[in-house]
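First the structure, in the form of structure tokens, and then the observations on it.
Residue numbers (the numbering used here): 299 to 443.
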């Protein structure tokens, strides 16, 4: 696992360099940093039967769900401010460009938006508000039907 001081030094080095992005793996943890903000999620098909479906969907297989993963290490926020309503709830239909959450990294607020190929209903929000998240951690599961 990478410590915060190491990550801060990486970010500073990237900011001061002519590089646009940097990806590093250390101790089994992979971090990808970039200067240009993409504001998009990493989309990976959900694994097979071990994914638990919400009770209302228990009869359908969960293998068709799309998982939205965190593109960075940071703090997950469901809404734009502590007193503001969350961007999405379970059951919310989302499509390309819809804001799903904010991930705060190094005092920067990064809006995470739905990818172009993702459209459907959120069936699970996998992280509690204001909780730390890791790169690649599943944040949302979306039913594309």
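Every residue gets a Cβ at the ideal spot worked out from N, C-alpha and C, and that includes glycine. Treat the numbers as computed from the prediction; the structure is a model and nothing was measured.
| query | residue 433 and residue 399: beta carbons closer than 8 Å? | reply | Within the chain shown, residue 433 is the residue found at index 135, counting from 1. Within the chain shown, residue 399 is the residue found at index 101, counting from 1. It is not a contact, given that the beta carbons lie outside the stated cut-off.
| task | Less than 8 Å between the CB atoms is what I'm expecting for residue 440 and residue 364, so what's the real figure, rounded? | result | In the chain shown, residue 440 corresponds to position 142, counting from 1. In the chain shown, residue 364 corresponds to position 66, counting from 1. So it is a contact: roughly 5 Å between Cβ atoms.
| field | Unbroken beta strand (DSSP E) run spanning residue 403, endpoints | value | For this step, residue 403 is matched to residue 105 along the chain shown. Segment 397-403, the beta strand (DSSP E) holding residue 403.
| field | Exposed unless 16 or more other CB atoms sit within 10 angstroms - verdict on residue 394 | value | Against the chain shown, residue 394 aligns to sequence position 96. Exposed, since its Cβ has fewer than 16 Cβ neighbours within 10 Å.
| message | In the DSSP assignment, the alpha helix (DSSP H) including residue 313 goes from what residue to what residue? | response | Locating residue 313 in the chain shown gives position 15, where the first residue counts as 1. Taken as a continuous stretch (DSSP letters only), the alpha helix (DSSP H) holding residue 313 covers 302-314.
| request: Would you kindly work out how many angstroms separate the C-alpha atoms of residue 384 and residue 430, rounded to a whole number? | output: Taking the chain shown and counting its residues from 1, one reaches residue 384 at position 86. Taking the chain shown and counting its residues from 1, one reaches residue 430 at position 132. Roughly 17 Å separates the two Cα atoms.
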